[in-house]
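In what follows, a structure is listed as structure tokens, so that the remarks can point back to it.
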Amino acid sequence: MRVFLAATKSGMNKELKEKTIEKCKPLYILETFFNKEKACLEAMNVVGNDNFLLDSGAFSFMNGTEISKEEMENYIDRYIKFINDYNIKYFFEVDVDVIFGLEQVEKWTEKIESEVGRQCIPVWHKTRGVEYWKKLCATYKYIAVGGFAINDIKKQEYPLIQKMVEYAYARNVKVHGLGFTKTKILKSFKFYSVDSSSWTIGASIGQQLYTFKDEDIHIRRLEKEGNKKTDLKKLVAHSMCEWVKYQKFMDGVRW
């Protein structure tokens, strides 16, 4: 299973990030187009095109960033241009269902695929229904489940998601779990890939220390020692190295 590190743009300054990547280079990176072309290109250059996922940035729009239809059209034109300019292999559809509706999203997906000349990775949301999932499995070779990061998919719904992933797996369709970072249960899902920004957000905001041991990521919140401040940038750097160890372990997980 491929575990992609997301949000590699944040948490460290340029110098520390370069040193950390030199010390423990990530195997796989996901970057959002919402962070613009330069950030995406830098991320891809670290791991190479085969090991890079280009996220459309839909999550940021669904999470509160306001945008008009005209602005979205312009954004998609830039997205298409970037994909074509750098021959991006793996890119997600712009799944802004909750803002513009599924019908409009499907039109944009058709436009992207037509102008790029190959399929995107469509993103299923539970509002699309199980039959839509089956339709995606019949049409695509790589699809994604969205809704984990915004807690749209509840814990009690995980068994259904597991069955859906099994359905895809049985048909040789790869499934990506967007923002699925529950490492304790990750191996119970037959995902081909997942991504996580927890490694940097948890460290920089929650002051959480991540350690890879016993085939899993362990988390410990750092306690304050008097007036001594935690060096959050170094904590994020440490976190990246531990998650790279986890990447290497999960890379060997097969079913």
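In this note's numbering, the protein residues as written are 10 to 264.
For each residue, glycine too, the CB sits at the ideal point set by N, CA and C.
For I38, the enclosing beta strand (DSSP E) begins and ends at 38-41. Assigned with DSSP and collapsed to three states, R11 falls in strand. Each of I226, S205, D240, I228 was checked against the Cα of R11, and the nearest Cα belongs to S205. Looking at the DSSP output, Y151 bridges to K183. Annotation for S205: no alpha helix (DSSP H) segment contains it, though the beta strand (DSSP E) segment containing it runs 202-205.
Along the segment 18-80, the alpha helix (DSSP H) occurs as fully enclosed runs of 4 or more residues at 23-32, 45-56, 67-71, listed in sequence order. Going by beta carbons, H185 and S202 fall inside the 7 Å limit. Straight through space, the alpha carbons of S19 and N83 are spaced by roughly 26 Å. Cβ contact annotation for R180 (same chain, cutoff 6 Å, sequence separation greater than five): C146, in chain order. Pairing Y99 with F189, the inter-Cα distance amounts to about 18 Å.
For the 7 Å CB-CB criterion, Y219 and E251 form a contact.
Distances from the CA of L50 to each of K172, F221, F91 were compared; the closest alpha carbon is that of F91. Below 8 Å, enough C-beta pairs join the segment 207-219 and the segment 239-254 to call them touching: three or more. Of the candidates L187, N58, T148, the residue whose Cα lies closest to the Cα of Q128 is T148. Under DSSP, no beta-bridge partner is assigned to F109. Comparing alpha-carbon positions, the option among I121, I210, L39 lying closest to N60 turns out to be L39. Contact check between the segment 165-173 and the segment 112-119: fewer than three CB pairs, one atom from each, fall below 8 Å, which does not count as touching.
Minimum Cα-Cα distance from K26 among the listed residues F42, D223, A52 corresponds to A52.
Within the same chain, Cβ atoms closer than 7 Å to the Cβ of C33 are found at M249, C250, V253, the five residues on either side in sequence being excluded. As the crow flies, the alpha-carbon of F157 is around 31 Å from that of E31. As computed with DSSP, Y219 is found in a beta bridge with I228. For F101, the three-state secondary structure derived from DSSP is strand. In chain order, K120, I121, E124, V125 place their CB closer than 8 Å to the CB of I89, counting only its own chain and leaving out the 5 sequence neighbours on each side.
In this structure F109 is not in contact with D64, their Cβ atoms being roughly 18 Å apart against a cut-off of 8 Å.
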